[in-house]
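> Protein chains in written order, with the numbering used here: chain A, 15 to 496; chain B, 15 to 496.
Each residue gets a CB set at the ideal place from its N, CA and C atoms; glycine is no exception.
#1: Just checking, does the region 148-162 of chain A make contact with the region 186-194 of chain A on the three C-beta pairs under 8 angstroms criterion?
#2: Buried or exposed: which applies to residue 443 (chain B), given that a residue is buried once 16 or more other Cβ atoms fall within 10 Å of its Cβ?
#3: Please look up how many angstroms separate the CB atoms of residue 417 (chain B) and residue 167 (chain B), rounded, as I've assumed it's under 8 angstroms.
#4: Do residue 481 (chain B) and residue 386 (chain B) have their C-beta atoms closer together than 8 angstroms?
#5: Could you tell me the distance, in whole angstroms, from the CA atom of residue 65 (chain B) to the CA atom of residue 114 (chain B)?
#6: Cβ of residue 433 (chain B) within 8 angstroms of Cβ of residue 71 (chain B)?
#7: So residue 180 (chain A) contacts chain B; which residues on that side make the cut at Cβ distance below 7 angstroms?
#8: In three-state terms, what does DSSP make of residue 23 (chain A)?
#9: Which same chain residues, not among the five before or five after residue 383 (chain A), have their C-beta less than 8 angstroms away from its C-beta?
#10: Which residues of the region 219-252 of chain A have a Cβ closer than 7 angstroms to any Cβ of chain B? Give them in chain order.
#11: How about residue 207 (chain A) and residue 460 (chain A): are their beta carbons less than 8 angstroms apart?
#12: Who are the near neighbours of residue 146 (chain B) in its chain, counting only those whose CB is closer than 6 angstroms to its CB and skipping five residues on each side?
#13: Tell me the DSSP bridge mates of residue 430 (chain B)?
#14: In chain A, which residues lie less than 9 angstroms from residue 131 (chain B) when you measure between Cβ atoms?
#15: If you draw a straight line from the C-alpha of residue 44 (chain A) to the C-alpha of residue 140 (chain B), how long is it?
#16: Any C-beta of chain B within less than 7 angstroms: which residues of the region 453-474 of chain A qualify?
#17: Note the first and the last residue of the continuous alpha helix (DSSP H) segment covering residue 200 (chain A).
#18: Considering only DSSP beta bridges, list what residue 438 (chain B) is partnered with.
#19: Along chain A, in chain order, which residues have C-beta atoms closer than 8 angstroms to that of residue 31 (chain B)?
#20: Within the 8 angstroms Cβ cut-off, does residue 135 (chain A) reach chain B?
#21: Using the three-state DSSP reduction, which class does residue 228 (chain A) fall into: helix, strand or coil?
#22: Taking the alpha-carbon positions, what's the residue 149 (chain B) to residue 265 (chain A) distance?
#23: Would you say residue 181 (chain B) and residue 30 (chain A) are within 8 angstroms of each other, going by their C-beta atoms?
#24: Indicate whether at least one CB of chain A lies closer than 8 angstroms to the CB of residue 25 (chain B).
#25: On the premise that residue 220 (chain B) lies in contact with residue 131 (chain A), defined as a C-beta separation below 8 angstroms, what is that separation, rounded to the nearest angstrom?
#26: In three-state terms, what does DSSP make of residue 260 (chain A)?
#27: Could you tell me the alpha carbon to alpha carbon distance between residue 15 (chain B) and residue 143 (chain A), rounded to whole angstroms?
#28: Which residues in chain B have a C-beta closer than 7 angstroms to the C-beta of residue 38 (chain A)? List them in chain order.
#29: Contact criterion: CB-CB distance below 8 angstroms. Does residue 283 (chain A) meet it with respect to chain B?
#30: Please list, in chain order, the residues of the region 146-162 of chain A that have any C-beta partner in chain B closer than 7 angstroms.
#31: Determine whether the beta carbon atoms of residue 309 (chain A) and residue 395 (chain A) lie at a separation below 8 angstroms.
#32: At what residues does the alpha helix (DSSP H) containing residue 483 (chain B) begin and finish?
#33: Under 8 angstroms between beta-carbons, which chain A residues line up against residue 170 (chain B)? List them in chain order, please.
#34: From the DSSP output, which residues share a beta bridge with residue 351 (chain B)?
#35: First and last residue of the alpha helix (DSSP H) that includes residue 420 (chain B)?
#36: Report the three-state DSSP secondary structure of residue 30 (chain B) (helix, strand or coil).
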């Protein structure tokens, strides 16, 4: 993705609409689009924002090459004057976004684009593609890491990812969500994240016997010696051969720093407990037992509950594809159109499903933290010209049940604005942190959630409230339209 | 993906194993690996092979740049002599593959790599990544197209795809599977496939009213005028406004060639029937009714069964992610190792699950067609030195129930070998067809399946048999190991 011009990574209708706006130049007014999502992945209580670094690169690189213009011309639906315009196209608008690694909730604008409608429309598809994908995998990774209760999670799903980018950027997002490393070497190179891995069954099979394969591996990599023990028979062959090799290493004076076994099939609860006892009895209580094989957050939680003696987990397919929920569902909706006087006229999208009615206007988001605990109390979406203060009481109400009100006393909460400027007048004003720094930030972000919101079954849903002014604006627009 | 060096798109363990083989040069013998899958996606009766063109590019481009070597060196686990070897690395082996668009079944080698083990090991991850992804989406597309019974299916899932490549190569695979077009402009440019699309709700919302939005669109694109009618109220506003615009076009003498409406929400069965009647009564019986909104093969089949008046379908999320089955599950297993005399010694991977036991040896696949109908009778996996003839009777038996035998009389069947040479001694000897030609071939391939195999519920599973010689080899190896 990095070195490819992604300007044509868009739906054709963005371009047909652009030409429509071009032909009616009075219609190229400045507008506001919000990218947001409606439901947390996997019926969870939160999501993790990710993908902003790639979104920034995409916007910076936006331009139609001669080759692109020729291709569009050959389609026979675009006129010469519009193609001339495209040849000089650059993004000239403003973009605000919630930083990567932040905990997010449904209906909050994750990305806000303020630009002439032709530009704002063009970027819809790529913005959604990038943000939907990485936010999905970062969220899934956070869930898997939560289940592991502090054990390390390794991402190694590249072979099952939906194409190279899904492997590369999926691993990036998995690191942001909390993984301790990835098997994906290209991801490691591009984003300076730890890469890890040992050997496959084919290594064992290419030797005359399992012991020789283990021994050869241990000689080569004595300081990170995790042996895969399930090629022939885990308890009868694999673990005894591994113990024999560890004993020989010890006898030879090789320091056993990081060593152990990996289980990749069978009943992981049973096998890990048996293997733990065998390793302990042989004098290797600090040998690591790691496991893989179609793991996800539910299976890890269950294995933990069963007392499995596993402290290191490799997660592939189910993480890199978010298998039980492989699409994030982010959408990009028109929120306002600039009027002749330069102020924004809020716009609303109706729907028969009241949850799908959009929030109109030029908005910002306050995150409200409980001062005593540092946990999130609620989020408050309001219009940009509103402001709230920590030294005044804050009245919150549920927009779907507006009679339900909560008054927070002055001094009992702290406020933080979530959307930060990323582009101003087409110029990037945001520097993406390193992935490992985003990961550290994301760990702290997850600490602002109560366990009740992080659990998998019926999690507590954090309130995302509207300010009174935004709520009234929305109701007024709904009244006008019905 | 095209312009990026994907050599490091691999799991770290491929490189650590490579160094192991390098350090024990006697272990760099020539081996055979098979890529195959175990279960048809979505509990179906078949899959579609796809991704070979990208696999070929990947193998051709394989090389470690100076930048790559420096990165690997910095990891601190690779020695200078091995890094020197990598700097000169090129793929020198043979690859055989089943051509893209071919109908495939579980346990058949889709890709067979014959190469020194260091090379064969390195390419595992990327081969699986590419083939797994595209075969998955091509299969899903074939299913969706089958449900539509000849109606056109448009792919437009880019915004929900798992990153840019998943959108680009997913759309490519969807075209192979049978879609008539994609919304993805970059895919259209790269692979010369039809791109399609009209307008979004935001087009309607940016105008003062729906009629003006439709009218403006129809003036711009009179020859492909599909109007999205559900922004406000489909039957009370959208369809009447569309009819008004079509009447004005007709009155103005604009030829109505390809025109109609798109439904994107609500009860598609009910709304399409109502809209059909309104369009017919207004004198537009040839107006197209297209539909979108979370469609998949099951929903399209149900809508067809309900008599929905829809003849054109747009499928997004559920196709581009293969939502109900987002991973193909292809694996890459060692099948043979070259002995000192230059002949291959078959290797087998055991498993507690007998279905997971691999087929050993250097293999090829015959597809057996019933001569009278041209439909697939069975596939026959055998060793490369075996041959079968159409003018002799053919005895087939089920490897899981070897007493079940079928004898095909001479002349009643035709045979075709499925694996074709792609690389010989590291040189590519295969030219990928154009995507639209692969699509035509894939349509014919799907015609070789009975409806009983294409149906969604409990499809008939096509027999994938082993030759007697391969079966005996397998049993002998199993006996030796137990």
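Taking the coordinates as given:
#1: Contact holds between the region 148-162 of chain A and the region 186-194 of chain A, because three or more Cβ pairs, one in each stretch, are under 8 angstroms apart.
#2: Label assigned to residue 443 (chain B): exposed.
#3: At roughly 43 angstroms, the Cβ-Cβ gap does not stay under 8 angstroms, so residue 417 (chain B) and residue 167 (chain B) are not in contact.
#4: No.
#5: In this model, residue 65 (chain B) and residue 114 (chain B) are separated by some 7 angstroms (Cα to Cα).
#6: Contact flag unset, no.
#7: Under the 7 angstroms cutoff, chain B gives 176, 177, 179, 180.
#8: Collapsing the DSSP output to three states places residue 23 (chain A) in coil.
#9: Excluding residues within five positions, the ones whose Cβ falls inside 8 angstroms are 389, 390, 391, 427, 428, 429, 430, 462.
#10: Correct list: 219, 220, 230, 231, 234, 235, 246.
#11: Cβ distance not < 8 angstroms, so residue 207 (chain A) and residue 460 (chain A) don't count as in contact.
#12: Within the same chain, Cβ atoms closer than 6 angstroms to the Cβ of residue 146 (chain B) are found at 342, 344, the five residues on either side in sequence being excluded.
#13: Answer is B:381, bridged to residue 430 (chain B).
#14: Neighbours of residue 131 (chain B) across chain A, judged by C-beta separation under 9 angstroms: 216, 220.
#15: The alpha-carbon atoms of residue 44 (chain A) and residue 140 (chain B) are separated by roughly 44 angstroms.
#16: Per Cβ criterion, the list is empty.
#17: Under the DSSP assignment, residue 200 (chain A) falls in the alpha helix (DSSP H) whose first and last residues are 199-205.
#18: In the DSSP output, where bridge partners are listed per residue, residue 438 (chain B) has B:441.
#19: Those are 213, 214, 216, 217, listed as they occur along chain A.
#20: Residue-level contact check: residue 135 (chain A) touches chain B, since one or more beta carbons of chain B fall below 8 angstroms from its beta carbon.
#21: Reduced to three states, the DSSP call for residue 228 (chain A) is helix.
#22: In a straight line, the C-alpha of residue 149 (chain B) is about 50 angstroms away from that of residue 265 (chain A).
#23: Contact annotation: residue 181 (chain B) and residue 30 (chain A) have beta-carbon atoms that are not nearer than 8 angstroms.
#24: Yes, its Cβ sits closer than 8 angstroms to a Cβ of chain A.
#25: Yes, they are in contact, since the Cβ atoms of residue 131 (chain A) and residue 220 (chain B) sit about 6 angstroms apart, within 8 angstroms.
#26: It is helical.
#27: Any reading at residue 15 (chain B) needs caution, since the residue's pLDDT is 42, under 50, leaving its predicted position unreliable; the model's value is listed next. Their backbone Cα atoms lie some 16 angstroms apart in a straight line.
#28: Within chain B, the C-beta atoms nearer than 7 angstroms to that of residue 38 (chain A) come from 230, in chain order.
#29: No, no contact with chain B.
#30: Flagged, chain order: 146, 147.
#31: Against a cut-off of 8 angstroms, the Cβ pair of residue 395 (chain A) and residue 309 (chain A) comes out as no contact.
#32: The continuous alpha helix (DSSP H) containing residue 483 (chain B) extends over residues 482-495.
#33: Scanning chain A for C-beta atoms nearer than 8 angstroms to the C-beta of residue 170 (chain B) yields 25, reported in chain order.
#34: BP columns for residue 351 (chain B) point to B:45, B:359.
#35: Not the alpha helix (DSSP H): residue 420 (chain B) falls in the beta strand (DSSP E), residues 415-422.
#36: Residue 30 (chain B) falls in the helix class under three-state DSSP.
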